[in-house]
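Chains as they are written, first to last, in this note's numbering: chain B, 210 to 386; chain W, 8 to 182.
Glycine included, C-beta positions come from ideal geometry on N, C-alpha and C.
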């Protein structure tokens, strides 16, 4: 069965935007703490969308491509969404660390500086560095999610129609009803 | 493509992945070492680099040289499991065939981590760091079998396409 060339961009954009939004919003973004759940899950969903729109069987290479694209889109969306939410996220992180330290756990060295420094203005250089690192990490996680997605969603059984049953003979004019 | 062609590609990707994993794990342990030696700025860069993918809550991280690692116990388990999977890969799969693990195997190995994570989130049980590490490691062990297969398949498909294009050009030139 000839396989049409898969269209990677559309599923990656759809799944990447959703994964990026989930990764950027406060509290919900904690899902990424479970091995980039939103990114891996988003890439797997992108594979499902790709499988739906592609005839034939997807290869793991297809999953890798769509997963990487999903990760990059998610990183861009995540970074943009986090810009206005940065002060709120840092305040939330500080509250979490203070809560944890009530149980006697020390904050890592330099964390105070990190939280104070990050709640203010972010220089363009640091912004681009953060975007680059996020894109690289999310792309790798996306590749993984895409390949896992192929394993779950991408394998279609070849459609073999059962042999047609012979049609019953049509009743003739002399046959009783 | 010949089996030797497949093997060469898989081996190359395997070695690159081993190198990348070694660097990744080293960075996780380097952050607390730098923090302990007073290089807070350098340590912060590494902690920052891992922050998009890990909550880094100190109470959930193993410590090294008196400071938390750059990732939590579960993430460390996943990356350690990934490294273990890389060690197992040549013996379990070899380098001459490309085959994804079944979805069933993946879901089975995800189950311990999912149960532990969900139970911890719902407050059913406290989920100690060691349990997080072990459940993460179980899941991480299967990941190289997806990662290497997918990347190798991608590169081999590209090489086949280039080879077909060159063959077409050669055929057209002969005609």
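Note the first and the last residue of the continuous alpha helix (DSSP H) segment covering residue i.
i	result
residue 86 of chain W	80-99
residue 53 of chain W	47-57
residue 67 of chain W	It is not in any alpha helix (DSSP H) - residue 67 of chain W carries neither H nor E in the DSSP assignment.
residue 341 of chain B	333-358
residue 113 of chain W	110-128
residue 223 of chain B	218-233
To which residues of the same chain is residue i closer than 6 Å at the C-beta, ignoring the five residues directly before and after it?
i	result
residue 17 of chain W	102 and 159
residue 166 of chain W	none
residue 73 of chain W	43
residue 362 of chain B	256, 257 and 260
residue 77 of chain W	35, 38, 53, 54 and 57
residue 268 of chain B	none
residue 119 of chain W	142 and 145
residue 291 of chain B	233
residue 253 of chain B	354, 357 and 358
residue 96 of chain W	151
residue 402 of chain B	This structure cannot settle anything about residue 402 of chain B, because the visible part of chain B is limited to 210 through 386.
residue 75 of chain W	65 and 68
residue 210 of chain B	In this predicted model, residue 210 of chain B has a pLDDT of only 44, less than 50, meaning its place in the structure is not dependable; the value taken from the coordinates is given anyway. If we look at residue 210 of chain B and ignore the five residues flanking it on each side, its Cβ neighbours are 265.
residue 50 of chain W	38, 41 and 42
May I ask you to check if the CB of residue i is nearer than 8 Å to at least one heavy atom of the ligand MG?
i	result
residue 221 of chain B	No copy of the ligand MG appears in this structure; indeed no ligand is present at all.
List the residues of chain B whose Cβ lies closer than 9 Å to the Cβ of residue i, in chain order.
i	result
residue 113 of chain W	357, 360 and 361
residue 110 of chain W	357, 360, 361, 362 and 364
Using the beta-carbon of each residue, which ones in chain W are nearer than 7 Å to residue i?
i	result
residue 273 of chain B	157, 158 and 161
residue 353 of chain B	150, 153 and 154
Show which residues of chain B have a CB atom less than 7 Å away from the CB atom of residue i.
i	result
residue 56 of chain W	342
residue 164 of chain W	268 and 270
Below 8 Å CB to CB, which residues in the same chain sit around residue i once its five sequence neighbours on both sides are set aside?
i	result
residue 343 of chain B	284, 287 and 288
residue 137 of chain W	80
residue 162 of chain W	16 and 20
residue 217 of chain B	259, 271, 274, 275 and 278
residue 249 of chain B	350, 351, 353, 354 and 357
residue 64 of chain W	79
residue 116 of chain W	145, 146, 148 and 149
residue 28 of chain W	86, 89, 90 and 93
residue 319 of chain B	Note that residue 319 of chain B scores 47 on pLDDT, short of 50, meaning its location in the model is unreliable; the coordinates nonetheless yield the value given after this. Excluding residues within five positions, none has a Cβ falling inside 8 Å.
Mind pulling the chain W residues with CB within less than 9 Å of residue i?
i	result
residue 269 of chain B	105, 107, 153, 156, 157, 158, 159, 160 and 161
residue 346 of chain B	56, 57, 59 and 60
Taking residue i as the query, report the chain B residues whose CB atoms sit under 8 Å from its CB, ordered along the chain.
i	result
residue 26 of chain W	Here the premise fails: no neighbours, minimum Cβ distance about 14 Å.
Tell me, to the nearest whole angstrom, how far the beta carbon of residue i is from that of residue j; I am working on the premise that it is less than 8 Å.
i	j	result
residue 100 of chain W	residue 153 of chain W	No, residue 100 of chain W and residue 153 of chain W are not in contact; Cβ-Cβ is about 11 Å, not under 8 Å.
residue 356 of chain B	residue 172 of chain W	The pair is not a contact, with the Cβ atoms about 26 Å apart (cut-off 8 Å).
residue 145 of chain W	residue 112 of chain W	Their Cβ separation, rounded to whole angstroms, is 12 Å, which puts residue 145 of chain W and residue 112 of chain W out of contact at 8 Å.
residue 98 of chain W	residue 83 of chain W	Not a contact, Cβ separation roughly 24 Å.
residue 24 of chain W	residue 93 of chain W	7 Å
residue 86 of chain W	residue 32 of chain W	6 Å
residue 215 of chain B	residue 263 of chain B	5 Å
Please go through the same chain and pick out, in chain order, the residues whose beta-carbon is closer than 7 Å to the beta-carbon of residue i, but skip the five residues on each side of it.
i	result
residue 339 of chain B	288
residue 134 of chain W	123, 126 and 127
residue 226 of chain B	282 and 286
residue 132 of chain W	126
residue 221 of chain B	255, 275, 278, 279 and 282
residue 348 of chain B	277, 280 and 281
residue 14 of chain W	102 and 103
Whole runs of the beta strand (DSSP E) within the stretch 253-303 of chain B, excluding any shorter than 3 residues
none
Every unbroken beta strand (DSSP E) within the stretch 139-173 of chain W, with a cutoff of 3 residues, ordered by chain
none
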